[in-house]
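Trainee: One structure, pasted below without further comment.
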Amino acid sequence: IPITGTIILQPPESEAVSQITSKGSNNQNRWYHYMTYPLDGVERIYEILAGQNEKIGRAKVKSENDRLMVSFTLFGSWLADESHLLVMTEEPTNLSNSDLAPGSFPHKQSYSPTVNHGTYDVVLPATANTATVYVFLHLSIMNGTRSETAWGAKEEENEMCIEVSGG
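Using the numbering used here, the letters of the sequence shown map in sequence onto residues 580 to 746.
Put into structure tokens, the structure is as follows:
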């Protein structure tokens, strides 16, 4: 069918990220995101957000046997000099500031020179009939002179909206 005019493909408008939480301590606000991953062996893709809401990369998570593979790729000129990983078997609620300190996460990597991608291959924590894990991926990133902190966040949409204008 011939179409004249414009066709626009774009991701659907998504709702606000539900995995963000702020904690106040000594008048300081902390923010973080986490990735909810069902232990079904399916590779899932998640957004990496900097500055709370700027999408700057993509994380992939996949379970296999009793291991969890987590990788990240940054877009454009974003580069990481550190990454930190924490995997929890219970949904994170009411976390303290010390729980959120990425430097205390059990898995960490430093990159010199800086990188735009990285991978973790870790043993899954012992689970008590848990079908889901909660993955905290934290990155210390930079783009030129701009420095930010970034977190793996919600699963990416795999649908598209199509807008056709014209005849």
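Backbone N, C-alpha and C fix where the C-beta goes; we use that ideal spot for every residue, glycine too.
Can you look up Gly723 in the DSSP assignment and give me helix, strand or coil?
Mentor: coil
Trainee: Nearest by alpha-carbon distance to Pro617: which of Ser656, Trp730, Leu665 and Leu647 is it?
Mentor: Leu647
Trainee: CA-CA distance, Thr693 and Thr711?
Mentor: Separation of Thr693 and Thr711 (C-alpha to C-alpha, rounded to the nearest whole angstrom) is 32 angstroms.
Trainee: Hey, could you find the ends of the beta strand (DSSP E) Gly636 is sitting in?
Mentor: Gly636 -> beta strand (DSSP E) spans Glu633 to Glu643.
Trainee: Please classify Ser597: is it buried, with 16 or more other beta-carbons within 10 angstroms of its beta-carbon, or exposed?
Mentor: Residue confidence is low: Ser597 scores 41 on pLDDT, short of 50, so the model does not pin down where it sits. Its coordinate-derived value is still stated next. Under this definition Ser597 is an exposed residue.
Trainee: Cutting at 8 angstroms between CB atoms, please list the residues of its own chain near Ser691, excluding the five before and the five after it.
Mentor: Correct list, in chain order: Asp660.
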